[in-house]
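Residue 367 is where the sequence shown ends in full-length UniProt numbering, and the numbering goes up by one at each step.
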Amino acid sequence: MLNAIIIDDERPALKELEYMLVDYQDIVISGMYTDPMIALKDIQESRPEIVFLDIKLPQINGIDLAIKITASSPDTDIIFITAYDSYAVRAFDVCALDYLLKPISKDRLEKTIQRIKKKHTQPVKETKRRLVIKCFGEFRVGWEDQEPIKWRTEKTKELFALLLHNYGRTVSKPQIIDAIWPDINPENAEHQLHNGIYYIRKKLSECEIPRENILLSGNYCLKLSDVSFDCALFNEYLPTNINALPLDILQKLEAEYAGDYFENNDWPWAENDRYAYSRQYYQIAYKLSEIYFETHKYEKAERLLQKLIRNNPYDEQPLLLLIKIFISLNRKSEAKRLIDDFRKTLENDLGVQPSNELKAIYGLLDR
């Protein structure tokens, strides 16, 4: 049985739709309302499967009411009913299941009911794939073997990223608006927030993640299960002293870091964590390089050190270790060229000289 609620400010319209739905024994009308705010309160408690919703209502527009309904009852399907077809685009923009024009014909209602039944009788998939979330490097959300989610807008993408950034922690509505929509009218910002949350829930549902995993209680909190999340390993093992971590964990952490945190996205709220993760990666990669050097795995050490030097061409520490590797492998000409390039970079960009230690090494290479 599917519970349905009808909301229309005209009582004759309520009674007419009630009469038309009598023929469908698997649909039970659990409430009819002319007051949309009372209806919203009851929907939040009863969470019906279906809401038939008029668009032109007193107190609140039906489309805005639909956003509030789906925010608190995400599995409720919205069927808009209206005498005007000009709302169709906006209606489907908030992901309504269907859109009925008054006067409602029996044939058209039949199509809607069949669509509802089809959705609610779809078999549960036997195999569940794992969602992959990548925050290091290019921000990606999707299945490993498929194209990532294409976000409807950049702001929706940023909203999901912000929820991930605060994973497991509640974030208030004002905090989100201040971070993502600081320069627009508060009412419009709240409207965009509700639209964004609805869209995110819809996309998570398509990826077999229950939409209830975005918890709502005036605040927002994202919790996911059975997903591969690259930041999770960093958050689990750090800030543990890196020297205390075993080799296999260091290797896993290094492999997860595909680039800066939310790389190529200029989001001010991510800056502090971007720097923190970058420093953690540096320490991990340098520690691994030392281990590889000590165990004569020079090729692995060189790969990591070259990466660190590319990320920060002014840092002398990885350069010194790489020079030691070149000397150990009798690649003295490469070591000299490395020092020459480093000296030129410092002089041209910063107007400074390399350390005395590096100069002394260069002198020894000339012998």
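In this text, a Cβ means the ideal position worked out from N, Cα and C, and glycines have one as well.
For residue i, the three-state DSSP class (helix, strand or coil)
i: Lys134; result: strand
i: Ile7; result: strand
i: Arg152; result: coil
i: Asn219; result: strand
i: Asp349; result: helix
i: Ala62; result: This sequence places Gly at residue 62; Ala is not what is there. Of the three classes helix, strand and coil, the one that applies to Gly62 here is helix, per DSSP.
i: Arg140; result: strand
i: Phe80; result: strand
i: Ser278; result: helix
i: residue 370; result: This structure cannot settle anything about residue 370, because the visible part of the chain is limited to 1 through 367.
i: Ser205; result: helix
i: Tyr261; result: strand
i: Ser73; result: coil
i: Ser355; result: coil
i: Val124; result: Confidence at Val124 is low in this model, with a pLDDT of 48, below 50, so the placement of that residue should be treated as unreliable; the coordinate-derived value is given next. Coil, per DSSP.
i: Leu162; result: helix
i: Leu2; result: strand
i: Asn241; result: coil
i: Arg343; result: helix
i: Leu224; result: coil
i: Arg331; result: coil
i: Trp269; result: helix
i: Arg337; result: helix
i: Tyr286; result: helix
i: Gln192; result: helix
i: Gly168; result: coil
i: Tyr24; result: coil
i: Glu236; result: helix
i: Glu147; result: coil
Start and end residues, beta strand (DSSP E) containing residue i
i: Tyr99; result: 98-101
i: Ile27; result: 27-33
i: residue 370; result: Outside the shown range of the chain, which is 1 to 367, sits residue 370, and nothing can be said about it.
Continuous alpha helix (DSSP H) stretch holding residue i: start and end
i: Leu320; result: 316-328
i: Asp107; result: 106-120
i: Gln251; result: 247-256
i: Asp178; result: 173-180
i: Leu305; result: 298-311
i: Ile184; result: Taken as a continuous stretch (DSSP letters only), Ile184 belongs to no alpha helix (DSSP H), as it is neither H nor E.
i: Ala39; result: 36-46
Local Cβ density within 10 Å of residue i, reported as buried at 16 or more and exposed below that
i: residue 368; result: Absent from the structure is residue 368, since the part of the chain shown begins at 1 and ends at 367.
i: Pro318; result: buried
i: Leu14; result: buried
i: Ser217; result: With a pLDDT of only 49 at Ser217, under the threshold of 50, the placement of this residue in the model should not be trusted; the figure read from the coordinates follows. When all chains shown are included, Ser217 counts as exposed.
i: Asn363; result: In the sequence as displayed, the identity of residue 363 is Gly instead of Asn. The residue is exposed, with fewer than 16 neighbouring Cβ atoms inside 10 Å.
i: Pro313; result: exposed
i: Asp266; result: exposed
i: Lys157; result: buried
i: Thr345; result: exposed
i: residue 369; result: This structure cannot speak to residue 369, because the chain is shown only from 1 to 367.
i: Glu49; result: buried
i: Asp77; result: buried
i: Asp54; result: buried
i: Val352; result: exposed
i: Asp26; result: exposed
i: Tyr277; result: buried
i: Glu126; result: Any reading at Glu126 needs caution, since the residue's pLDDT is 47, under 50, leaving its predicted position unreliable; the model's value is listed next. It counts as exposed.
i: Val124; result: With a pLDDT of only 48 at Val124, under 50, the local geometry of the prediction cannot be trusted, and the value read off the model is given with reservation. By the 10 Å Cβ count, Val124 comes out exposed.
i: Ile309; result: buried
i: residue 374; result: Summary: the structure shown does not reach residue 374, with the chain confined to residues 1 through 367, and so no result is reported for it.
i: Tyr286; result: buried
i: Asp98; result: buried
i: Thr112; result: buried
i: Tyr220; result: buried
i: Ala255; result: exposed
i: Lys118; result: exposed
is_contact[residue i, chain B] using C-beta, thresh 8 Å
i: Ile27; result: Looking for chain B here will not work: only one protein chain is present.
Check whether the stretch 184-193 touches the stretch 225-236, taking contact to mean three or more Cβ pairs, one atom from each stretch, closer than 8 Å. No contact exists between the stretch 184-193 and the stretch 225-236.
Contact the stretch 69-76 vs the stretch 193-209: 3+ CB pairs below 8 Å: The stretch 69-76 is in contact with the stretch 193-209.
Do the stretch 251-270 and the stretch 135-154 make contact, defined as three or more Cβ pairs closer than 8 Å? Yes, the stretch 251-270 is in contact with the stretch 135-154.
Specify whether the stretch 56-63 and the stretch 145-163 touch according to this definition: at least 3 beta carbon pairs, one from each stretch, less than 8 Å apart. The answer is no - the stretch 145-163 does not touch the stretch 56-63, with fewer than three Cβ pairs under 8 Å.
Taking 8 Å as the cut-off, does the stretch 160-175 touch the stretch 290-301 (at least 3 CB pairs, one atom from each stretch)? No: fewer than three Cβ pairs fall under 8 Å.
Within the chosen definition, does the stretch 32-43 reach the stretch 6-22 through at least 3 CB pairs nearer than 8 Å? Counting C-beta pairs with one atom in each stretch, the stretch 32-43 and the stretch 6-22 have three or more that are closer than 8 Å, which means they touch.
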